[in-house]
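Visitor: Structure provided below as structure tokens; questions to follow.
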Amino acid sequence: MAGGAPAPGCPNSRDELTAKSEAYGEFGSARVTEEALPARTTVFTALPRDGMLVEIDAMAV
20 MAGGAPAPGC PNSRDELTAK SEAYGEFGSA RVTEEALPAR TTVFTALPRD
70 GMLVEIDAMA V
């Protein structure tokens, strides 16, 4: 997506990840049992330039 922006709610920094994880836990635990929470993985890494963001979504069926 040329000129794309991060999807709403996607953390743009490690600092934002903590707040997103807390919100995810509150939202999920209020709506589903712990055994039914979907799997979730977040990885941060260094990119070649400041301001670069990469988002990859995948679903395993």
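Mapping of the sequence shown onto our numbering: residues 20 to 80, in sequence order. Where is the CB? At the ideal position from N, CA and C, for every residue including glycine.
Let me know the secondary structure DSSP gives S32 once reduced to three states.
Guide: Here residue 32 refers to the residue found at position 13 of the sequence shown. Correct three-state label for S32: coil.
Visitor: Does DSSP put F63 in a helix, in a strand, or in coil?
Guide: Within the sequence shown, the letter at position 44 stands for residue 63. Three-state result, F63: coil.
Visitor: Can you find the residues in the same chain that come closer than 7 Å, C-beta to C-beta, to R33, ignoring five residues on each side of it along the sequence?
Guide: Numbered from 1 along the sequence shown, position 14 holds the residue referred to as residue 33. Result list for R33: F63, in chain order.
Visitor: In three-state terms, what does DSSP make of R68?
Guide: In the sequence shown, the residue the question calls residue 68 occupies position 49. Looking at R68 - three-state DSSP - the assignment turns out to be coil, as it is neither helix nor strand.
Visitor: My guess is that T61 and L36 are in contact by the Cβ rule of under 8 Å, so how many angstroms apart are they, rounded?
Guide: For the purposes of this step, residue 61 is taken as residue 42 along the sequence shown, with counting starting at 1. For the purposes of this step, residue 36 is taken as residue 17 along the sequence shown, with counting starting at 1. About 6 Å; that satisfies the 8 Å criterion.
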